[in-house]
Amino acid sequence: MPELPEVQTVVNFLTKLIVGKTILSINSPNKYTRVFSNSTITECNRFLLKNRITKITRRGKYIIFALEEGYLCIHLRMTGKLLLNLEIESDMKYVSAQFEFTDGTQLFFKDVRKFGRIYYSENLDWLESKLGIEPLSEKFTSKYLYQHLQQKNRQMKPLLLDQSFIAGLGNIYVDEALWYAGIHPLMIASQISEKQSKKLYEGIQSILLNAIAVKGTTIINFSYGENGRGNYKDQLNVFGETNNPCPKCKTIIQKIFVGQRGTHFCPACQPN
DNA sequence: TGAATTGTTCTACC
DNA sequence: TGGTAGAACAATTC
Numbered sequence: 062m063p064e065l066p067e068v069q070t071v072v073n074f075l076t077k078l079i080v081g082k083t084i085l086s087i088n089s090p091n092k093y094t095r096v097f098s099n100s101t102i103t104e105c106n107r108f109l110l111k112n113r114i115t116k117i118t119r120r121g122k123y124i125i126f127a128l129e130e131g132y133l134c135i136h137l138r139m140t141g142k143l144l145l146n147l148e149i150e151s152d153m154k155y156v157s158a159q160f161e162f163t164d165g166t167q168l169f170f171k172d173v174r175k176f177g178r179i180y181y182s183e184n185l186d187w188l189e190s191k192l193g194i195e196p197l198s199e200k201f202t203s204k205y206l207y208q209h210l211q212q213k214n215r216q217m218k219p220l221l222l223d224q225s226f227i228a229g230l231g232n233i234y235v236d237e238a239l240w241y242a243g244i245h246p247l248m249i250a251s252q253i254s255e256k257q258s259k260k261l262y263e264g265i266q267s268i269l270l271n272a273i274a275v276k277g278t279t280i281i282n283f284s285y286g287e288n289g290r291g292n293y294k295d296q297l298n299v300f301g302e303t304n305n306p307c308p309k310c311k312t313i314i315q316k317i318f319v320g321q322r323g324t325h326f327c328p329a330c331q332p333n
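Counting in this note's numbering, the first sequence runs from 62 upward without gaps.
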């Protein structure tokens with residue numbers, strides 16, 4: 062389940078290895094054409110042919126390949142991975158898309174669940190219009206968070222998952238950030254105190270930076286590049302810790318559903 | 001066999 | 001109308 066730190070890890074890795082390469086072609090070995098979300102494979106190829114990758118960046122959970130002309134964006138969704146080599150031949154079964162570069166190397170978009178998508182566009186307006194602030198940008202300050210929470214009459218958990226509010230947070234890191242701040246996932250945003258908001262701001266930043274530092278979370282299905290793995294799993298406090306004691310107070314961690322999403326929290330540290 | 005899994009988008013409501 | 005809530009959707013695993 063790649064979220065911001067996992068996507069950033071992939072971006073860092075790919076930057077070292079494929080920036081400067083020129084795309085020769087893209088194809089879908091399993092004929093899964095739905096992966097090309099806003100175009101056909103033919104259009105995509107016409108657009109990408111001989112196009113050089115000048116930069117790789119991240120916006121929310123989207124990986125952005127800046128090309129000499131236009132942009133190619135990839136969203137990994139649940140199980141998507143970008144690999145330079147396949148471990149075993151049978152892995153080809155799950156490859157949604159395959160890039161070939163002019164130097165003979167390849168990049169595989171392996172995706173067991175097939176929810177991942179590829180988008181190409183001349184500019185990034187469509188992305189900017191639907192994504193909120195970057196939680197690691199300079200514009201995202203403690204004051205910004207408090208001011209915007211004040212304006213929302215929504216439950217905290219669904220609000221933090223809303224990509225148009227803050228871009229990049231997913232189920233894992235939202236549960237961790239709320240636990241860090243001692244905020245119940247069902248609390249209404251406008252009722253959060255300034256002190257709680259400040260703590261939440263600290264939590265979001267430190268959790269994301271920590272996770273990036275150890276290359277993300279190895280839960281279920283994340284790996285980057287050439288089979289590298291993240292180590293943040295060891296640092297999770299509540300996510301996936303149902304029925305285990307809270308690291309702070311030893312109360313048993315509970316799992317509930319909020320907006321149809323599994324939500325882990327400590328009933329003692331995060332009172333409603 | 002159907003429940004579980006996720007982020008995004010669509011629809012419906014007040 | 002705009003903010004919010006909830007359902008739907010993609011596909012696969014166990």
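Where a beta carbon is used, it is the ideal one built from N, C-alpha and C, also for glycine.
Quick caveat, the model's predicted, so the values are computed rather than measured.
Buried versus exposed, by CB contacts within 10 Å (16 or more), C310: exposed
Any idea what DSSP makes of N112, helix, strand or coil? Strand, per DSSP.
Identify, in the order they occur along the chain, each residue of the same chain with its Cβ nearer than 6 Å to the Cβ of N282, setting aside the five sequence neighbours on each side. For N282, the pLDDT reaches just 39, beneath the cut-off of 50, and the residue's location in the model is therefore unreliable, although a value from the coordinates is still provided. Here the set comprises T140.
Quick check on this structure: which residue in V156, A228, G81 and L147 has the alpha carbon closest to the alpha carbon of R120? A228
Simplified DSSP assignment, three categories, for G193: It is coil, neither helix nor strand.
Distance, Cα to Cα, T83 vs T166? Distance between the alpha carbons of T83 and T166: 10 Å.
Using the C-alpha atoms, what's the distance from S86 back to L297? 40 Å
How do the stretch 211-218 and the stretch 247-254 stand: do at least 3 beta-carbon pairs fall below 8 Å, yes or no? yes
If Y234 and L269 are in contact, beta carbons under 8 Å, what's the gap, nearest whole angstrom? Right, the Cβ-Cβ distance comes to about 7 Å (below 8 Å), so this counts as a contact.
Using the rule of at least 16 other Cβ atoms within 10 Å of the residue's Cβ for burial, across every protein chain shown, is A274 buried or exposed? exposed
So, using beta-carbon positions, are I117 and V80 closer together than 9 Å? yes
Please state if the CB of G177 and the CB of R138 are separated by a distance shorter than 9 Å. Yes. Within cutoff.
Identify which residue in F108, K142 and I317 has its Cα closest to the Cα of A127. F108
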